[in-house]
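Q:
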Amino acid sequence: MASELAASVPASVAAPAKQPPAEKPSEIRRRSHIVLSFWLIVIILGLPIWWRTTSIYRASLPLDRMNEWADGKACRPVFPLNIHVRTESLSDPEAHHLVRLTQLTLDDLNDFSGHHLRLQLAPDKAAVEHGKEPEPALTIHLRPGETNTALLNPHTPDLDVTYAPNAIPSPNSASSSLASFVADQLQSIFAEEQSIIAYLLSTSSASSGARPALSPTVAGTLANRTTKSLRYAPTYHLTFSLFTDGAVPNTWDIETALDEFMKPILDVLRPIHNFTIDTQVQLYATPGVQSQVLGKEHLASFVNAAEWPLSPSIGGAPTVNFVLFVGNQTIGLGSDLETSQSWMIPQWGTVYLLSMPATAAHVSAETLKQPMLTFGSHLLSLLGTPQSGSLPLRLSTLSRIRSTDLLLRASSSLGSLARLARSLRSISIPPSVADGVSKSMHHLEKACTKLGEPEGLLHARIAEEEAERAFFEKSMVGQLFFPDEHKVAVYLPLLGPVGVPLVLGLIAEIRNWIRSRKQKAAEAKEKKAQ
């Protein structure tokens, strides 16, 4: 009967489901404290440690100043070349008036304000020797003669000028044929240097100063010469090799030949470059071309690089190869009567073909004279030495050209580094890079003020080395292939399983807190209504 009564009871009045017991306030507080403690550990301890261990150190760089150097705004290359004039046969008023007229004429001829020739009467030799006066780029010796003539000394930076008796300008004259003659000679002597410097400035973005326009022919010639010459290095390694296709000759007086014919050239180049030398003899060396008369198309394959043991770079210095091949071969120049014995390989060295009797077992120093002179001439060309003028003037010009080239290259490297640092925010910049940039800019400022002096080459060399070292810093370049997207891909699988429970627990506690606040507000409202 009881079961029938229970079955007849409607479902709507059935007993409610059993609810879990209400949580004690102490347990709610304990759970909230647990969740809060996890989040405090994450925020106070975890995040700082993670940020510290994963952040990329970026040293502060003067990016704006680096861009100014790259754009040519920090330095305007100027070459004030001092030229001394010695006039023992003229009075002081006549000499000063002639120098002034010559300077005015020279300024009218020169359209490159950055390359300025400054004429002045020569001071006492004692002042120059004691460093009170800088060494002049050229000294003009004016002497009376029958006509106006000029002769450049091949061994010293001196220009001997003779003038006719009626060539001296009067004190009131505004022009002079002698002044025009001397100005034309100076313009001709320094024309090649001016063209090379103008070409370097025109091909670099690190110069915004005025420079003369070069004709396409001159620009093409200078571009070809620049392509053939070696990149600047403070030290070069010279390798002199004797190759023969038989058992003789097997000895040569290379040390004597080097001392007599190569060392004088190397000594005058010492202020600009250092050199190390080694020699070798290789027998049974087969050339890449067996023809007796070599055409221009054969020269590229004559050097048998696969079998000839040519010395590589030693100690990081670029190697210049000078190969003397003994054999009955000549180079045809397009005519049956025109032949040559040597040719220069751009950025590599020189090959000289030496014809000797088949039974000659020794190469004497006298036989090596012409090859060594050829090697010396080609070495100057490979180093980028100008082709006109006396050797001292060519070397002083080479120093100024190298200073300009190094200054422009260092400025360009600083600009590239600045663009790299701004475009890649995730790249590491170690303190060594900032130190290299600081040193480079310091020496660039000194080089810019002393471009026309030997000291300028030293500062430009240090600036270029520091800029290159900073740009190619290994610890910095290695970060180029680790962008932020890779970091997210690495950390997301690790932080996901840990972060999801923390976030869900925090959301649940926030909901419970909101629910309890609403419940307390409702209870307070009911009590107030009662």
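Numbering follows full-length UniProt numbering, with no gaps: position 246 of the sequence shown is 246.
C-beta atoms are modelled at their ideal positions from N, C-alpha and C, and glycine is treated no differently.
Bear in mind the structure is a predicted one, so any value in this text is a computation, not a measurement.
1) Counting pairs of beta carbons, one from the segment 433–442 and one from the segment 52–62, are three or more of them closer than 8 Å?
2) Take alanine 11 and list the residues in its own chain whose beta-carbon comes closer than 7 Å to its own, dropping the five residues that flank it on each side.
3) Less than 9 Å between the C-beta atoms of histidine 96 and leucine 117, yes or no?
4) Can you have a look at phenylalanine 472 and say buried or exposed, based on whether 16 or more other CB atoms are within 10 angstroms of its CB?
5) Express the C-alpha separation of cysteine 448 and lysine 73 in angstroms, rounding to a whole number.
6) Is the beta carbon of isoleucine 197 less than 9 Å from the beta carbon of proline 77?
7) So, with DSSP's three-state summary, where would you put alanine 150?
8) Can you name the residues that DSSP bridges to aspartate 160?
9) Identify whether glycine 72 lies in helix, strand or coil by the three-state DSSP scheme.
10) Is glycine 496 helix, strand or coil by DSSP?
11) Can you tell me which of Ala70, Leu458 and Ala213 puts its alpha carbon nearest to the alpha carbon of isoleucine 272?
12) Let's see if you can read the secondary structure: which residues bound the beta strand (DSSP E) around histidine 298?
13) With a cut-off of 8 Å, do at least 3 Cβ pairs link the segment 450–464 to the segment 400–408?
14) When we look at the beta-carbon of arginine 422 and count the other beta-carbons within 10 Å, is it buried (16 or more) or exposed?
15) Rounded to a whole number of angstroms, what is the C-alpha to C-alpha distance between threonine 156 and serine 205?
16) I need the DSSP call for glycine 288, collapsed to helix, strand or coil.
17) Considering serine 32, what are the terminal residues of the beta strand (DSSP E) in which it resides?
18) So what does DSSP say about alanine 6, is it helix, strand or coil?
19) The beta strand (DSSP E) that contains isoleucine 331, what's its start and end?
20) Please give the ranges of any alpha helix (DSSP H) in the segment 359–429, keeping only runs that are unbroken, at least 4 residues long and fully inside the region.
21) Quick check on the burial criterion: 16 or more other C-beta atoms within 10 angstroms. Buried or exposed for threonine 53?
22) Would tryptophan 513 be called buried (16 or more neighbouring beta carbons within 10 Å of its own) or exposed?
23) Compare the beta carbon distance of leucine 333 and glutamine 341 with 9 Å and say whether it is the shorter of the two.
24) For the 8 Å Cβ check, are there 3 or more pairs between the segment 380–400 and the segment 181–193?
A: So, from the listed chains and residues:
1) yes
2) In the sequence shown, counting from the first residue as 1, residue 11 sits at position 11. The predicted model places alanine 11 with a pLDDT of 48, which falls under 50 and marks its position as unreliable; any figure quoted below should be read in that light. Cβ neighbours of alanine 11 beyond the five flanking positions: none.
3) On the sequence shown, residue 96 is found 96 positions in, with the first residue counted as 1. On the sequence shown, residue 117 is found 117 positions in, with the first residue counted as 1. Contact check for histidine 96 against leucine 117 fails: the beta carbons are separated by 9 Å or more.
4) Here residue 472 corresponds to residue number 472 of the sequence shown, with the count starting at 1. Answer is exposed; the Cβ neighbour count stays below 16.
5) Here residue 73 corresponds to residue number 73 of the sequence shown, with the count starting at 1. Here residue 448 corresponds to residue number 448 of the sequence shown, with the count starting at 1. Distance from the CA atom of lysine 73 to the CA atom of cysteine 448, rounded to whole angstroms, is 12 Å.
6) Here residue 197 refers to the residue found at position 197 of the sequence shown. Here residue 77 refers to the residue found at position 77 of the sequence shown. Using a Cβ distance threshold of 9 Å, isoleucine 197 and proline 77 count as a contacting pair.
7) The count along the sequence shown starts at 1 and reaches residue 150 at position 150. It is a strand residue.
8) Locating residue 160 in the sequence shown gives position 160, where the first residue counts as 1. Its beta-bridge partners are His141 and Leu151.
9) One-based indexing of the sequence shown puts residue 72 at position 72. Of the three classes helix, strand and coil, the one that applies to glycine 72 here is coil, per DSSP.
10) To locate residue 496, count along the sequence shown from 1; it is residue 496. Three-state DSSP puts glycine 496 in a helix.
11) Counted from its first residue, the sequence shown places residue 272 at position 272. Ranking the options by Cα distance to isoleucine 272, first place goes to Leu458.
12) Working through the sequence shown from its first residue, we reach residue 298 at position 298. Here histidine 298 belongs to no beta strand (DSSP E), and DSSP marks it neither H nor E.
13) Contact between the segment 450–464 and the segment 400–408 is present, because at least three Cβ pairs lie under 8 Å.
14) As a first step, residue 422 is located in the sequence shown; it is residue number 422 there, counting from the start. Arginine 422 comes out exposed.
15) Taking the first residue of the sequence shown as 1, we reach residue 156 at position 156. Taking the first residue of the sequence shown as 1, we reach residue 205 at position 205. Near 36 Å, if we compare the C-alpha coordinates of serine 205 and threonine 156.
16) Here residue 288 refers to the residue found at position 288 when the sequence shown is read from its first residue. The answer is coil: DSSP assigns glycine 288 none of H, G, I, E or B.
17) Taking the first residue of the sequence shown as 1, we reach residue 32 at position 32. DSSP places serine 32 in no beta strand (DSSP E) but in the uninterrupted alpha helix (DSSP H) bounded by 25–40.
18) Position 6 of the sequence shown, counting from 1, holds the residue named residue 6. With a pLDDT of only 49 at alanine 6, under the threshold of 50, the placement of this residue in the model should not be trusted, and no figure is reported.
19) On the sequence shown, position 331 is the one that residue 331 refers to. Its beta strand (DSSP E) spans residues 330–332.
20) 369–382 and 391–423
21) Locating residue 53 in the sequence shown gives position 53, counting from the first residue. Threonine 53 should be labelled exposed.
22) Numbered from its first residue, the sequence shown carries residue 513 at position 513. Flag for tryptophan 513 reads exposed.
23) Start at 1 with the first residue of the sequence shown, and residue 333 comes out as number 333. Start at 1 with the first residue of the sequence shown, and residue 341 comes out as number 341. Contact: no.
24) yes
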